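Chemist: When you line the sequence shown up against the numbering used here, it's residues 16 to 164, in that order.
Here a beta-carbon is modelled for each residue, glycine too, at the ideal position from N, C-alpha and C.
Just so you know, these numbers come straight off a predicted model, no measurement behind them.
Let me begin by handing over the structure; questions about it come next.
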Amino acid sequence: MDNIYEALRESHETQRKLCRRLLRLKPGDPRALAAFDALRIELAAHAAAEERYLYAQILFDDMGLKSSRHALAEHHEIDECVEAMETVRDQPAAWRVHARKLSHEVHHHLREEERKFFQLSGKILTERQKVGLATRYRRDLDRMRAVVA
Numbered sequence: 016m017d018n019i020y021e022a023l024r025e026s027h028e029t030q031r032k033l034c035r036r037l038l039r040l041k042p043g044d045p046r047a048l049a050a051f052d053a054l055r056i057e058l059a060a061h062a063a064a065e066e067r068y069l070y071a072q073i074l075f076d077d078m079g080l081k082s083s084r085h086a087l088a089e090h091h092e093i094d095e096c097v098e099a100m101e102t103v104r105d106q107p108a109a110w111r112v113h114a115r116k117l118s119h120e121v122h123h124h125l126r127e128e129e130r131k132f133f134q135l136s137g138k139i140l141t142e143r144q145k146v147g148l149a150t151r152y153r154r155d156l157d158r159m160r161a162v163v164a
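Structure representation (structure tokens):
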């Protein structure tokens, strides 16, 4: 059976691929807009499901409070980068700058989460919780992808 971390890593890989695709395409290319929209949907759906089914659990433990708050703040920073990209859709130079910043923020967050937050939360959650949270996270991720789209 898979656990919450394996489920999260699947979305993380999708986010990384979409960031790479976004940076390879020229601003103004319809494929760049499609890549951005796919990334925007994946980021929003993932953040909502992850906050509900991982961060909320860890917030209740004193050991996880600081790390959860930090991770939530990084989600907010990513949201702000997405909003900035939406305002410069018709400005190729600004688009490229904001796309790089968004990609940097996403990669930083994923790296930090996988290297630090997963280890800390793994000490807090039981094996049974990790498996149960994976199921609930996947269900909510799918639902949120449809809601955000």
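#1: If we call anything under 8 Å between Cβ atoms a contact, is residue 92 one with residue 129?
#2: Starting from the Cα of residue 94, find the closest Cα among 80, 151, 118, 79 and give me that residue.
#3: Cutting at 6 Å between CB atoms, please list the residues of its own chain near residue 59, excluding the five before and the five after it.
#4: Pair every Cβ in the stretch 51-68 with every Cβ in the stretch 152-160, then say whether three or more of these pairs are closer than 8 Å.
#5: Near residue 79, which residues of its chain fall below 7 Å by C-beta distance, leaving aside the five closest residues on each side in sequence?
#6: Taking the alpha helix (DSSP H) that residue 160 belongs to, which residues open and close that run?
#7: What separation, rounded to the nearest whole angstrom, lies between the Cα atoms of residue 87 and residue 45?
#8: Can you tell me which of 150, 55, 103 puts its alpha carbon nearest to the alpha carbon of residue 32?
#9: Is residue 72 helix, strand or coil when you go by DSSP?
#10: Leaving aside the five residues before and after residue 29 along the sequence, list all residues of the same chain whose C-beta is less than 7 Å from its C-beta, in chain order.
#11: According to DSSP, is residue 40 part of a helix, a strand, or is it coil?
#12: Measure the alpha-carbon distance for residue 66 versus residue 101 and round it to whole angstroms.
#13: Does the Cβ of residue 155 have 16 or more other Cβ atoms within 10 Å, making it buried, or fewer, making it exposed?
#14: How big is the Cα-Cα spacing for residue 149 and residue 84?
Modeler: Once the coordinates are examined:
#1: The answer is no: Cβ separation not under 8 Å.
#2: Checked all of 80, 151, 118, 79; the closest Cα to residue 94 is 118.
#3: Cβ neighbours of residue 59 beyond the five flanking positions: 163.
#4: Verdict: yes, contact present.
#5: Annotation for residue 79: 73, 135, 136, 139 place their beta carbon closer than 7 Å to its own, counting only its chain and skipping 5 residues before and after.
#6: Taken as a continuous stretch (DSSP letters only), the alpha helix (DSSP H) holding residue 160 covers 142-163.
#7: Rounded to the nearest angstrom, the gap between the Cα atoms of residue 87 and residue 45 is 31 Å.
#8: Among 150, 55, 103, the Cα nearest to that of residue 32 is on 55.
#9: Helix at residue 72.
#10: So the list reads 57, once near-sequence residues are dropped.
#11: Residue 40: coil per DSSP, three-state reduction.
#12: Separation of residue 66 and residue 101 (C-alpha to C-alpha, rounded to the nearest whole angstrom) is 23 Å.
#13: Counting Cβ neighbours within 10 Å, residue 155 comes out buried, since at least 16 surround it.
#14: The alpha-carbon of residue 149 is positioned some 21 Å away from that of residue 84.
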